[in-house]
Amino acid sequence: MDFVWQYRRAALLCFMMLALRNEPDTSPGGVRTVGGKKTDVWPRKRVARVDGDVILGALFPVHSRSDVHTCGPIIEQEGIQPLEMLLFTLDKINQNATFLPNITIGARILDSCDSDAYALGQAVEFIKGAMTDTGDSEYVCVDGSSPVVKERHPIVGVIGGASSVVSIQVANLLRLFKLPQVSYWSTSPDLSNKDRFDYFFRTVASDVYQARAMVEILKAFNWTYISAVYEDSNYGIKGISAVEDLARASGICIAVSLMVSREAGDTREEEFNKILQELLDKPKAKAVIVYLVERDAKSFFAAVSRFTLSGKFIWIGSDGWGGRQILVAKQEWAVEGAITVQPRARVISKFDEYFTSLKPDTNVRNPWFKEAWESHFECRIPGTADTPFNDFETTCSDDMVLDETSGYQQNSLLQLVAESALAFAHALKDMHADYCGDEPGLCSNMTTISGESLKDYLLNVSFEGHDRQEFHFQPNGDGPPRYTIMNFQRDKNDRYSWKRVGYLDEEIFRLQMKEIHFGRESVGYQGYPVSMCSAPCPPGHEKKISARDSCCWSCNPCSEFQYLSKEDFCTECPLGQKPDKGKTTCVSIPEDYLTYGSAYAIAIITFAIFGIICTLLVAAIFMKYGETPVVKASGRELCYVLLVGIFCSHAITFVLVAKPTTLTCGMTKVSVGVCYALCYAALLTKTNRIYRIFHNKGKKKQKYISPNSQLFITFMFVLIEVVVVVAWLIVSPPGTTHFYPSREQNQLVCTGANDASYTIGLAYPFLLMILCTVYAIKTRNVPGGFNEAKLIGFTMYTTCVIWLAFVPIYFVSASNVAIRVTALSVSIGLSGTVTLVCLFAPRVYIILFHPEENTRHGVMRNTFRSKIENGAFSVAADPPSTYQPCGTKPSATISENIDIQVDIINKNNQQLKLPDASPAAETRA
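Counted the way mature numbering (1 follows the signal peptide of the UniProt record, and there is no 0) counts, the sequence shown spans residues -21 to -1, 1 to 904.
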């Protein structure tokens, strides 16, 4: 397997060398010979060399990417400064004799021009340098030639590239040859995939954490409607994708997401103009994520300056351009108020001393330094080659110095470059300790350094970085997620600068919102710009999403009985419930039932108490005068039963007013029917007895007219009602239910109280009442002094009127529980009161105010006088043909009827222990 792998590597190398063989030869001066004539070429292939026992390859974007020339102008902050930081770090490592004793680390540094294609060609040089064990006798190219290996020093690893697109291309190549790679600024989430990039490491964290920091900023200012601008590269696409995923999960809408082409060429200005116009079409999306690298960001903000969009937008920047003072030079007002996220790094003051001391004539190990000097001071150094970008007319002078006054500013992310070199150094140190022990220099075990072994040591390094914090790689090879939040501000003196306003340290996010300054034209609500399409709907309003833009909506209020079940949907509350104040859920409508404190309850209870008192007084009087003729003639035993029924008809009011429960509902079902049954059973027995006595046409003695018989008959009638009620309770057990006569009401009632089922318990008493009324009509003409038939008739007529009025009131008042209960209570109580007044008041009046009439003589005198005046004893009077007026001689038929009736009365009087009803007896008296 090793032979096959080595064969594949050699074949790949041969193909690469053949592909590069047709390139023109270039000299250090950047001149090629074509037809015997020397001409300048671009780009020039140069290499910065640092000799050492172990060689590291390095890629830096010394030049920017160019659509026309492949490599554009030289970049000081992004290219020259990182390159010099690597040289500076290697000097410090090699100067420490105890760190790697007798071992020096060298470098071969190449220019990537921030182009993935160009950088891939440059990386081939690292592969050739790594294959120092390749000899002519072992490998043969497919065309028969031998591989040419110019670099004989072992390259054990590579530092770079800067951008993610470059690092991805280079990593795909280096992993084939098992060369570890440590990037300092590549942040694409794809590079965390160890299945694809198993030899890739980076000292910076993945863009996933940068995206999280950006979303936290949006959430802090409640910016829920944003736009995004990103570059067409792995860095831009993956980065903005992570931002959008986290934003949507946090309820933040993306109004428009615009991509910047990497190869726009001459149409670049037109492309940015179009992008800005699309941003202006979404003016409510004031916050804009700008996910670009420095080159594209500079062009973008140049377009912003042309559009004079000061204060129109708030830029949320990525680490590709944030924190760079040079980038915003001469267009500061367009970037004012921007908030950017960049890896946390510390400015290294000793590097400032080193870099500002460099001179073009002494810095010979950096072949691009003279070009950088010319670009920085915009002058020409005599003797330097021409480039497409150094056509300066001024000649550089010897007194020029790199410092802050001349525009020098340290790149804030150079610490990450230093940590890349330190990670390799510490990995080599740990490997040396394991392989060589205390033996100085490269021992035999480290003559050939395996990339696979070095990868394992890299994964486990741990050291203190320049920021005094421990550095270590995460299991996926990423650096620790530490970010600084920067804000581009203008001070009182109109000077612009980047100011630190927050940070993200792994899981901890802090933002000093009071320290953030926005453009003066951007200030909105509470001093912060507003970036939302539609304000959040107030409580109780449903969100109706616009058909044209899903990030915008209108707010429609929920109806009176709807609540907001979802953000965009109002739902009807169930019957008996209504929404709470915020309309977030449904709450029960307070139960409506008659209470003892209501005006209706007080009125009917007062009436019931009055009726109970009267009933008890009548009962007491009847008990006290129970042996008097008036009481005996009234049917004492049935009167007591009737008084019990009247008492119950008043006492039931307290049950009806009570809160409906299973107990009170059961008591209501039983008591309403039974109370009426007691009253009307007694009255029916009375009227039936009278009717049978006065309609007996024979002389046969009547049966079942004794007091005990009458009581038995009464209770048999009542027993029927009890059986009906018990059966009703079994079939329909008592309980409570809620009745909703309207949407606003929630009445607590007994089961069946709101329909006609309660008539089951009253059906039988109604039948008794009707029979009583019939008998009252039939006995309306019996002697009034002997019995209360007429009073019973009046009572029944009045009761019928009461109940005829009650029935419609009860059913019409279904929506008002107070009126319904009041109607039922008053009807029952009034029926008892009518019975009490009509039947018992005359007797009480005689007993209390005319005791002289409360004698047998008085009762018989009234009875006989009534019989003579009526001229007949029966409702069924003699036919008119046989009737004779008073004063005339009665016919034999009339005499016989009178004799029969008197005989019947005498028999009845004997049972009641009263005197005879004959005229002779009256005369004797």
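For glycine and all other residues, C-beta sits at the position ideal for the given N, C-alpha and C.
Tell me residue i's beta-bridge partners as DSSP assigns them.
{"i": "K523", "result": "S533"}
{"i": "S162", "result": "R181"}
{"i": "C618", "result": "Answer by DSSP bridge pairing: none, since C618 is not bridged."}
{"i": "T550", "result": "Y542"}
{"i": "R359", "result": "T374"}
{"i": "H717", "result": "L727"}
{"i": "I327", "result": "Note: I327 sits in no beta bridge, so no partner."}
{"i": "A266", "result": "I205, I293"}
{"i": "L483", "result": "Y462, F488"}
Ordered along the chain, which non-local residues of its own chain (more than five positions away) have a Cβ less than 7 Å from that of residue i?
{"i": "I826", "result": "I600, Y604, T607, V609, N833"}
{"i": "W782", "result": "S806"}
{"i": "F442", "result": "L401, H405, F450"}
{"i": "R303", "result": "Q56, E273"}
{"i": "residue 948", "result": "Since the displayed the chain opens at -21 and closes at 904, residue 948 lies outside it and no answer follows."}
{"i": "E117", "result": "Confidence in E117 is poor, its pLDDT being 49 and thus under 50, which makes the residue's placement too unreliable to answer from."}
{"i": "V597", "result": "L622, L815, F819, V823"}
In terms of alpha-carbon separation, which member of the options lies closest to residue i?
{"i": "I59", "options": "K523, R615, D90", "result": "D90"}
{"i": "K277", "options": "F292, S613, G296, K261", "result": "G296"}
{"i": "S432", "options": "P419, Y414, S441, G420", "result": "Y414"}
{"i": "V320", "options": "G481, S284, N342, N213", "result": "G481"}
{"i": "Q541", "options": "F156, C565, D547, R527", "result": "C565"}
{"i": "V701", "options": "L337, G652, H355, S354", "result": "G652"}
{"i": "R325", "options": "A351, Q448, Y333", "result": "Q448"}
{"i": "D211", "options": "N390, A190, L271, A150", "result": "L271"}
{"i": "E248", "options": "A266, T693, D275, K263", "result": "D275"}
{"i": "C618", "options": "L747, C817, Q468, F452", "result": "C817"}
{"i": "W294", "options": "F497, N201, Q101, G139", "result": "F497"}
{"i": "L727", "options": "T426, S567, E332", "result": "S567"}
{"i": "L35", "options": "V47, I72, P133", "result": "P133"}
{"i": "V307", "options": "F371, V222, W477, A226", "result": "W477"}
{"i": "D559", "options": "T574, E539, Y575, G576", "result": "E539"}
{"i": "I692", "options": "V103, K434, E616", "result": "E616"}
{"i": "G740", "options": "I219, P713, Q388, L153", "result": "P713"}
{"i": "M492", "options": "E485, G316, W300", "result": "G316"}
When the distance is taken between beta carbons, is residue j closer than 8 Å to residue i?
{"i": "residue 986", "j": "I318", "result": "Only positions -21 to 904 of the chain appear in this structure, which leaves residue 986 out of reach."}
{"i": "G31", "j": "I84", "result": "yes"}
{"i": "Y462", "j": "P346", "result": "no"}
{"i": "V314", "j": "Y163", "result": "no"}
{"i": "N725", "j": "D571", "result": "yes"}
{"i": "A98", "j": "Q148", "result": "yes"}
{"i": "G772", "j": "S628", "result": "no"}
{"i": "G430", "j": "L158", "result": "yes"}
{"i": "Y743", "j": "V710", "result": "no"}
{"i": "F626", "j": "I591", "result": "yes"}
{"i": "K757", "j": "L708", "result": "no"}
{"i": "T777", "j": "T715", "result": "no"}
{"i": "P61", "j": "H42", "result": "no"}
{"i": "K263", "j": "Y204", "result": "yes"}
Between residue i and the rest of its own chain, which residues show a CB-CB distance below 6 Å, the 5 nearest in sequence each way excluded?
{"i": "residue 921", "result": "In the structure as shown, the chain starts at -21 and stops at 904, and residue 921 therefore has no counterpart that could be examined."}
{"i": "L554", "result": "Y719"}
{"i": "I513", "result": "With the sequence shown as reference, residue 513 is identified as Ser, and Ile is not the correct amino acid for it. Around S513: C531, W532."}
{"i": "C751", "result": "Y659, L662, L663, T666, M775"}
{"i": "F488", "result": "E195"}
{"i": "R474", "result": "none"}
{"i": "G866", "result": "Confidence at G866 is low in this model, with a pLDDT of 34, below 50, so its placement is unreliable and the value that follows should be read with caution. Counting only Cβ-Cβ distances below 6 Å, and skipping sequence neighbours, we find nothing."}
{"i": "E848", "result": "Confidence is the limiting factor: at E848 the pLDDT is only 46, short of 50, which leaves the residue's position unreliable, though a coordinate-based value still follows. Excluding positions up to five away in sequence, the list is empty."}
Closer than 7 Å to a non-hydrogen atom of the ligand NAP - does that hold for the CB of residue i?
{"i": "F330", "result": "The ligand NAP is not part of the structure shown, which contains no ligands of any sort."}
Can you find a CB in chain B that lies within less than 8 Å of the CB of residue i?
{"i": "L747", "result": "Looking at the structure shown, chain B is missing, and only one protein chain is on hand."}
Once the 5 residues before and after residue i are set aside, which same chain residues still bring their CB inside 8 Å of it?
{"i": "I798", "result": "Y579, I788, S792"}
{"i": "E350", "result": "I53, T363, T366, N369"}
{"i": "D878", "result": "Residue confidence is low: D878 scores 37 on pLDDT, short of 50, so the model does not pin down where it sits. No coordinate-derived value is stated."}
* Identify every run of the alpha helix (DSSP H) within the region 742 to 823, keeping only runs that are complete inside it and at least 4 residues long; order them along the chain. => Taking only runs of at least 4 residues, the alpha helix (DSSP H) segments lying wholly in the region 742 to 823 are 768 to 791, 796 to 814.
* To do: Counting only runs of 3+ residues fully inside the region 421 to 472, write out the beta strand (DSSP E) ranges in chain order.
  => Taking only runs of at least 3 residues, the beta strand (DSSP E) segments lying wholly in the region 421 to 472 are 441 to 443, 449 to 451, 461 to 469.
* Go through the region 583 to 651 residue by residue and report every complete run of the alpha helix (DSSP H) that reaches 4 residues or more, in order. => List check, alpha helix (DSSP H) in window: 608 to 612, 615 to 636.
* To do: Enumerate, from N- to C-terminal direction, the unbroken alpha helix (DSSP H) stretches of 4 or more residues contained entirely within the region 186 to 248.
  => Listed in chain order, the alpha helix (DSSP H) runs fully inside the region 186 to 248 are 186 to 199, 213 to 228, counting runs of at least 4 residues.
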